[in-house]
Structure formats: C-alpha cells, structure tokens
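Report on the following structure.
Protein chains: 2
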Amino acid sequence: MQTITSTSYPVHFQENGYKELSTFINQKNITTVFILVDENSNEHCLPILQQELTVDVTFEIIEVESGEINKNLGTCMSVWQALTDLGADRKSLLINIGGGVITDMGGFIASTYKRGIEFVNIPTTLLSMVDASVGGKTGVDLGVLKNQIGIFADPQMVLIDPIYLQTVSEKEITSGMAEIIKYGLTYDQTLWEKFSEKTAEINIIDIIHRSIEIKNEVVLEDQFEGGLRKILNFGHTIGHAVESHFLESKDKKTLTHGEAIALGMITETYISNKLFNFPLKDLEDIKKTIITIFGIVPVLKSDYPTIIDLMKHDKKNVNGQVNFVLLEGIEKYKIDCKVSTDLIEEALDYYLA
Amino acid sequence: MQTITSTSYPVHFQENGYKELSTFINQKNITTVFILVDENSNEHCLPILQQELTVDVTFEIIEVESGEINKNLGTCMSVWQALTDLGADRKSLLINIGGGVITDMGGFIASTYKRGIEFVNIPTTLLSMVDASVGGKTGVDLGVLKNQIGIFADPQMVLIDPIYLQTVSEKEITSGMAEIIKYGLTYDQTLWEKFSEKTAEINIIDIIHRSIEIKNEVVLEDQFEGGLRKILNFGHTIGHAVESHFLESKDKKTLTHGEAIALGMITETYISNKLFNFPLKDLEDIKKTIITIFGIVPVLKSDYPTIIDLMKHDKKNVNGQVNFVLLEGIEKYKIDCKVSTDLIEEALDYYLA
Chain A
0 MQTITSTSYP VHFQENGYKE LSTFINQKNI TTVFILVDEN SNEHCLPILQ
50 QELTVDVTFE IIEVESGEIN KNLGTCMSVW QALTDLGADR KSLLINIGGG
100 VITDMGGFIA STYKRGIEFV NIPTTLLSMV DASVGGKTGV DLGVLKNQIG
150 IFADPQMVLI DPIYLQTVSE KEITSGMAEI IKYGLTYDQT LWEKFSEKTA
200 EINIIDIIHR SIEIKNEVVL EDQFEGGLRK ILNFGHTIGH AVESHFLESK
250 DKKTLTHGEA IALGMITETY ISNKLFNFPL KDLEDIKKTI ITIFGIVPVL
300 KSDYPTIIDL MKHDKKNVNG QVNFVLLEGI EKYKIDCKVS TDLIEEALDY
350 YLA
Chain B
0 MQTITSTSYP VHFQENGYKE LSTFINQKNI TTVFILVDEN SNEHCLPILQ
50 QELTVDVTFE IIEVESGEIN KNLGTCMSVW QALTDLGADR KSLLINIGGG
100 VITDMGGFIA STYKRGIEFV NIPTTLLSMV DASVGGKTGV DLGVLKNQIG
150 IFADPQMVLI DPIYLQTVSE KEITSGMAEI IKYGLTYDQT LWEKFSEKTA
200 EINIIDIIHR SIEIKNEVVL EDQFEGGLRK ILNFGHTIGH AVESHFLESK
250 DKKTLTHGEA IALGMITETY ISNKLFNFPL KDLEDIKKTI ITIFGIVPVL
300 KSDYPTIIDL MKHDKKNVNG QVNFVLLEGI EKYKIDCKVS TDLIEEALDY
350 YLA
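In structure tokens, the structure reads:
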C-alpha cells in the first residue's frame with residue numbers, strides 16, 4: 000500500500016513499514032532504541048514488532064499504565080526519569096507503540112527530553128491510526144482538559160499495520176470509526192456513503208489509508224490551524240466537552256472518544272440544520288447510522304450546564320468565544336460559527352429524543 | 000543601542016525596547032498579557048516595566064517562587080493551571096521578567112501551553128541577559144539534572160535594560176561575569192582583556208551588548224548544536240557537574256552558576272594546557288583573574304567521584320562519552336575532546352592548589 004508523505008515524514012504501511020523502519024534504525028547512528036508501551040501493547044503488539052524488525056541494536060522497553068487517565072505529566076515525569084536512568088542521549092530513538100495515549104504522550108516526551116530526541120509512532124488502535132498519524136500534535140492532559148500541554152512535533156516516520164487491530168477490542172475499533180465518519184461528512188461523501196449505505200464489506204485498510212490521506216491533505220494545506228484544519232474539529236466541540244464531563248464525573252462511565260464524537264457529530268449536524276439549512280434528510284440519516292454504530296450516550300438534562308461550561312475551556316477558543324465547525328451540506332463546511340447556549344441544549348434534546 | 004537580530008526575533012535595548020514591546024502589544028490582536036514573575040522581579044522589576052509600557056490591555060500577574068530549586072515541572076504545572084484558570088487562550092502573550100529560571104521556564108511554559116502561545120523575555124540578571132537572550136533554549140530541571148526537559152522555542156522579542164541590574168545583588172552580577180569571560184576566552188580576546196587587564200571602568204551595557212552579539216553569531220552559525228555552538232559549553236562540563244553536586248548535597252552551600260563555571264573554566268583551561276599546550280602564562284593569568292573575581296569553590300577530594308559521575312549525565316553526551324570543549328589558545332577552541340578521569344582530578348587539584 001502506497002506510502003503517504005506528510006509535512007516532513009512518511010507514513011508507511013504494513014510490511015513496507017517494517018522494512019523502512021529497520022533501514023532507518025540501521026542507517027542512523029542510533030545509540031539505543033527505547034520502546035514506549037502500555038501493558039496491552041507490551042503483551043500483544045511488541046512481539047509482532049520485534050519479530051518484523053531486522054535490526055541489530057539494543058532495545059529498552061518502558062511500560063506505562065494504559066488509559067486516558069494516565070495521559071498526564073506525572074506519567075511523563077516517570078518516563079523522563081526512566082530515560083535518564085537508562086542513559087538515553089540525544090542519539091536515542093523512542094518508538095511509541097500503542098493507542099493515541101501512547102503516541103500523543105510519547106511524542107511529547109521525546110520532543111521535550113533533552114530538548115528533543117527522534118521518535119517513531121506505531122499506532123495500534125483504529126483511532127490513533129486515522130487521527131494521530133499526521134498533524135504533528137503531541138501532548139498530555141491537564142486535569143480533565145485534554146491535550147492542554149503539548150507541542151507540534153513530527154515523528155521520523157509512522158508505521159501502519161492493521162494486524163494490530165486484532166489485538167484491541169471491538170469497542171476500540173468502533174471508537175475509531177467516528178473519526179472516519181467525520182472525514183466523510185466534512186470532506187468525502189464517498190467515504191461517508193460506505194457507512195450510510197451499510198456496505199456489507201468495509202475494507203479496513205482502504206478506509207484507514209483514505210482517512211490518513213484526507214487528514215494529510217488538510218494538514219498540509221493548513222499547518223497551524225488557521226483555516227481548513229478546523230474541519231477536523233467537527234463533532235469535537237460538543238464531543239470533547241461531553242467526554243471531559245463523563246471522565247470527571249465519578250458516577251458516570253468513561254466514554255470512548257468515538258462515542259463522544261458520535262454525539263458531537265449528531266448534535267452539531269442538528270445545529271447545522273437550524274443555522275445553515277443542512278438537509279433534514281441527511282441529518283436523519285446521520286443520526287440513525289451513527290446511533291446504530293455507537294448507541295446513545297446517556298446524557299442527563301442536569302449535565303447540560305457543566306458540558307456547556309467545559310466548552311468554554313476548549314483550546315480552540317479565542318476571547319472566551321466557542322467556535323463551531325458546522326455544515327451546509329456533506330463536504331460543505333463553515334468554520335468559526337457562533338452558537339447560542341439555547342441551541343446547544345436543543346441539539347442535545349434532539350440527540351436524546 | 001543597536002537592536003540585535005537573532006534567528007527569528009529581535010533583541011532590543013533600553014528605551015527602544017519598551018517602545019517596540021508597546022507597539023507589538025498594541026498591534027497584535029492579543030487577548031490578555033500574562034506576566035510571569037518571581038517575588039523579587041514582582042517587587043522590583045515589574046513596576047519599572049509597567050511604567051515604561053504604553054499599552055491599553057489587561058495584565059495578569061503570575062508569581063512563582065524564586066530559585067533554581069523551583070525550576071521544575073511542579074512549578075510549571077501550577078503556572079499552566081493558573082493560565083487555564085485565568086482563561087489564557089492561543090492569542091494570549093506571556094512576558095517573562097526575571098532571571099534565567101523565569102525566562103527558561105517561562106519560555107517552556109508558553110511554548111507547551113495549548114501547543115504554544117507567544118512569549119517575550121525580559122532578563123533582569125546579568126547571567127540571563129548575556130546567556131539566555133539568544134539561542135531559543137527553554138526548559139526546566141529534572142531532579143538535579145539541569146534543563147533536562149525543554150524544547151527549542153523562540154520568543155517574539157527580548158528586551159534588555161541594565162536598569163534591572165540595580166535590583167539584583169552584587170553576587171548575582173558577579174555570577175553573570177563568568178559567561179562574559181567565557182565569550183572572551185573562546186571567541187574574543189579583546190573582551191577577555193577587559194577583565195585580565197583589570198580595566199578600571201567596565202562599561203556594563205557595552206559588554207552585555209558584545210556578549211549577546213557573540214552568542215548570536217555563534218547560534219546563527221550553528222542552530223542545532225552540531226559544531227561551533229559547542230564552544231558555549233566551555234567551562235560547563237566540569238562546571239555543571241560541580242553545580243549539580245553542590246545543589247544536591249545537603250551540607251554544601253548552593254553555588255551561583257558563575258562560581259561553578261569559573262571553576263569549570265580554570266580546570267578546563269588546565270586540561271587544555273596538558274592536552275593542547277594552551278600557553279601556561281595565559282593559564283596562570285586566567286586562574287588568578289577568575290579567582291580574584293569569584294573566590295574559590297570549596298571542593299573536597301571526596302567530592303571528585305560524584306562530580307565525575309554527574310558529568311556522565313550531561314545532555315551533550317552521546318554514547319555515554321563526555322565531550323569537552325578545550326582551547327589551544329585564547330579564541331582557539333577544539334570541540335569533542337575526550338579527557339581521562341585522572342586528568343580531570345588533576346585539574347581539580349590544580350584549581351584547589
């Protein structure tokens with residue numbers, strides 16, 4: 000499958016990826032290869048990687064606990080300390096293998112350790128494959144605020160192999176579908192129709208490749224989030240707030256990112272219909288298709304104020320103003336839209352109805 | 000005094016600096032100006048700054064405790080949290096006013112907050128004026144390891160005003176002299192001679208301007224520390240290790256950076272004499288001049304093993320190999336030199352003799 004060239008690095012696929020990574024390690028004068036894993040990727044993914052690589056170099060494995068709750072500066076400090084104790088120097092390489100928590104946090108750890116060492120990302124969940132492979136975003140959460148601390152930093156390469164999807168749960172794969180649907184709705188009707196028409200067979204590697212290709216086009220067009228790149232936030236303004244709220248509420252289950260974004264896409268499409276006449280038929284189709292895949296997030300009316308308050312802390316806000324990406328139709332986005340609190344509540348009502 | 004143009008930003012001097020900063024704040028669409036201070040710069044420097052600026056914008060002051068001991072991720076977390084609580088967004092500006100701890104840490108905090116907000120540095124100590132104004136280094140310590148976590152990130156501008164030196168102690172000013180001597184020994188004999196000839200009057204703004212000019216030439220020539228820039232480490236290989244050792248020893252006084260680098264320059268010049276025939280007369284002159292200014296750091300023979308061990312953790316090491324910058328003569332540097340443990344101990348003996 001064809002390599003995708005991002006800003007400054009390649010995204011390689013399957014066997015070609017291992018070949019390229021082996022060559023990279025062998026040709027660069029790398030002192031030690033560190034591999035950042037969580038307990039899941041350590042057990043299920045690392046053996047695959049080690050078998051596929053043909054390199055003659057020392058590996059040091061650093062394991063952190065899985066989960067968004069551990070994507071914080073405390074975990075970073077323990078990894079920075081481990082790198083220090085294991086003698087990592089500026090010619091060391093960090094390979095991050097795992098879901099988005101590992102690749103986002105590992106990228107941040109690498110690019111701030113001794114003012115930056117090189118890193119390679121191997122996403123093992125569908126979400127991290129389609130969302131985190133390009134864009135150069137690294138970071139960790141600050142309390143419940145997602146990715147509040149981070150920088151833009153590019154890996155040396157990204158390696159995609161759907162074999163790793165066999166190591167994660169069905170739920171995790173479903174979660175990643177939300178981002179793919181987002182690419183479809185904002186940028187590629189054909190991709191969306193693969194879901195809406197309930198095509199019997201979805202070829203996973205094809206939709207991963209197409210999603211990365213789309214994100215890459217968007218990112219290359221707009222590297223610092225001035226314009227087009229904002230479409231990547233579709234479904235995320237309300238979605239992120241709901242995700243944060245459920246994460247910080249002791250009596251609520253933690254949502255997958257996909258569940259939250261699914262809710263976000265339905266509600267933001269509803270708002271799009273009210274403000275920009277997004278076609279009602281498509282809205283209903285979107286709601287039905289997405290709820291069939293993701294089910295309903297049990298939001299309560301009493302949650303609304305907190306959710307709306309959390310939106311005000313979104314990184315993308317300027318002057319305390321919440322900015323939405325909305326749609327006039329599929330593939331027809333409008334950025335920097337203002338939405339009243341009443342309409343947000345109405346959209347949540349529509350979602351729950 | 001003439002503005003110095005660094006990689007991507009200007010270093011302005013005195014009244015011209017305030018004018019440029021006021022224009023910058025007024026012309027950019029900045030939502031809120033945050034000012035990072037410690038208790039000293041808050042009391043003594045901030046009033047000067049606020050008086051000189053002619054801007055119509057809200058200021059929010061964030062104070063942290065002074066001292067290298069607080070240049071850590073815990074302090075960063077409290078500042079990131081304060082920025083969050085005060086609603087800092089991507090169009091906020093952070094002005095760091097204080098010594099190197101404030102400018103290094105503030106640069107790191109700004110450039111990692113929401114993946115980067117703009118910042119301006121106003122160094123108020125001699126050391127931070129001549130050392131931290133150019134080079135784009137930001138960072139914090141990890142345990143006793145100085146600047147272990149950080150990135151390269153440029154401020155929007157740097158503002159130099161020697162009036163702030165009236166607010167810091169004599170000891171602090173002396174500390175900064177070590178870096179100026181370093182620029183002299185490695186790069187500009189004329190600058191060195193201002194010290195060695197004990198010129199009655201040293202014009203402080205002139206030697207600050209010349210030091211920044213030198214560092215800027217070096218940094219522009221070699222932005223990512225491949226070659227020439229390594230001369231900035233002269234005196235720092237042994238100096239940093241001694242500084243770290245005194246910082247982590249409960250029964251030792253904390254050294255100023257200048258005291259440690261003064262020791263480093265004498266010992267590394269001694270090694271230069273042994274390995275590269277650095278002229279003995281100059282070595283003796285350097286030892287005498289530097290000790291007259293800085294006194295003697297009370298290193299004990301029993302400290303040697305720890306000091307040598309700490310050198311092995313220097314960020315600049317590759318493959319565990321400690322690299323020295325040495326001199327064949329004044330202005331004649333040699334980079335990437337290996338030195339035996341015995342010779343390092345001999346150099347410390349010479350320093351103490």
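For the protein sequence lines, the chains are A and B, in the order given.
Mapping of the first sequence onto numbering that gives the first Met the number 0: residues 0 to 352, in sequence order.
Mapping of the second sequence onto numbering that gives the first Met the number 0: residues 0 to 352, in sequence order.
The beta-carbon is built from N, C-alpha and C at its ideal position, and this holds for glycine as well.
Keep in mind the model is a prediction, meaning the values are calculated, not measured.
At the 9 Å Cβ level, is residue i part of the contact set with chain B, yes or no?
i: Thr185/A; result: no
i: Cys336/A; result: no
i: Gln1/A; result: no
i: Lys393/A; result: The first residue shown for chain A is 0 and the last is 352, placing residue 393/A beyond what the model contains.
i: His244/A; result: no
i: Thr83/A; result: yes
i: Asn318/A; result: yes
i: Met76/A; result: yes
i: Lys136/A; result: yes
i: Gly226/A; result: no
Output yes or no for whether 9 Å exceeds the beta carbon distance between residue i and residue j.
i: Leu85/B; j: Glu59/B; result: yes
i: Gly97/A; j: Ile121/A; result: yes
i: Tyr182/A; j: Lys214/A; result: yes
i: Ile203/A; j: Gln13/A; result: no
i: Ser110/A; j: Ile29/A; result: no
i: Ile265/B; j: Ile292/B; result: no
i: Met310/B; j: His239/B; result: yes
i: Val241/A; j: Val167/A; result: no
i: Gln155/B; j: Glu117/B; result: yes
i: Asn119/A; j: Asn95/A; result: Residue identity check: residue 119/A is Val in the sequence provided, not Asn. Against a cut-off of 9 Å, the Cβ pair of Asn95/A and Val119/A comes out as a contact.
i: Ile73/A; j: Asp37/A; result: According to the sequence provided, residue 73/A is Gly. The question's Ile does not apply to it. No. Outside cutoff.
i: Ser40/B; j: Thr137/B; result: no
i: Asn69/B; j: Leu141/B; result: no
i: Leu246/B; j: Val143/B; result: yes
i: Pro161/B; j: Ile211/B; result: no
i: Lys229/B; j: Arg89/A; result: no
i: Leu355/A; j: Tyr17/A; result: Here chain A has residues from 0 to 352 only, and residue 355/A is not among them.
i: Phe277/B; j: Thr288/B; result: no
i: Gly346/A; j: Ile237/A; result: It is Ala, not Gly, that sits at residue 346/A in the sequence shown. A contact, by the Cβ cut-off of 9 Å.
i: Val157/A; j: Val133/A; result: yes
i: Ile285/A; j: Leu351/A; result: no
When you compare the CB of residue i with every CB in chain A, is at least one pair closer than 9 Å?
i: Arg49/B; result: Before going on, a small fix: residue 49/B reads as Gln here, not Arg. No, its Cβ sits nowhere closer than 9 Å to a Cβ of chain A.
i: Cys44/B; result: no
i: Leu144/B; result: yes
i: Gly149/B; result: yes
i: Lys229/B; result: no
i: Thr111/B; result: yes
i: His239/B; result: no
i: Gly106/B; result: no
i: Glu30/B; result: Checking the sequence shown, residue 30/B turns out to be Thr, not Glu. Yes, contact with chain A.
i: Arg114/B; result: yes
i: Gln80/B; result: yes
i: His312/B; result: yes
List the DSSP bridge partners of residue i.
i: Lys136/B; result: Phe151/B
i: Glu117/B; result: Leu92/B
i: Asp37/B; result: Val63/B
i: Leu325/B; result: Lys333/B
i: Gln1/A; result: Answer is none; Gln1/A lacks a bridge partner.
i: Val317/B; result: Gln320/B
i: Leu141/A; result: Leu144/A
i: Pro122/A; result: Gly97/A
i: Tyr112/B; result: Ile148/A
- Message: Taking 8 Å as the cut-off, does the segment 313-332 of chain A touch the segment 251-265 of chain A (at least 3 CB pairs, one atom from each stretch)?
- Response: no
- Segments of 4+ residues assigned as alpha helix (DSSP H) that fall wholly inside the segment 212-296 of chain A: 235-247, 256-275 and 279-293
- Item | Segments of 3+ residues assigned as beta strand (DSSP E) that fall wholly inside the segment 155-193 of chain A | 156-159
- Item | Secondary structure, beta strand (DSSP E): runs of 3+ residues fully inside the segment 50-75 of chain B | 58-63
- Write down every uninterrupted run of the alpha helix (DSSP H) in the segment 4-32 of chain B whose length is 4 residues or greater and which is fully enclosed by it, in chain order. 13-26
- Task: Would you check if there are 3 or more beta carbon pairs closer than 8 Å linking the segment 100-107 of chain B to the segment 164-183 of chain A?
- Result: no
- Message: With a threshold of 8 Å, are at least 3 pairs of Cβ atoms found where one atom belongs to the segment 296-304 of chain B and the other to the segment 2-21 of chain A?
- Response: no
- Does the count of Cβ pairs from the segment 20-35 of chain A and the segment 71-86 of chain A closer than 8 Å reach three? yes
- Inspect the CB distances between the segment 332-343 of chain A and the segment 220-234 of chain A and report whether three or more fall short of 8 Å. yes
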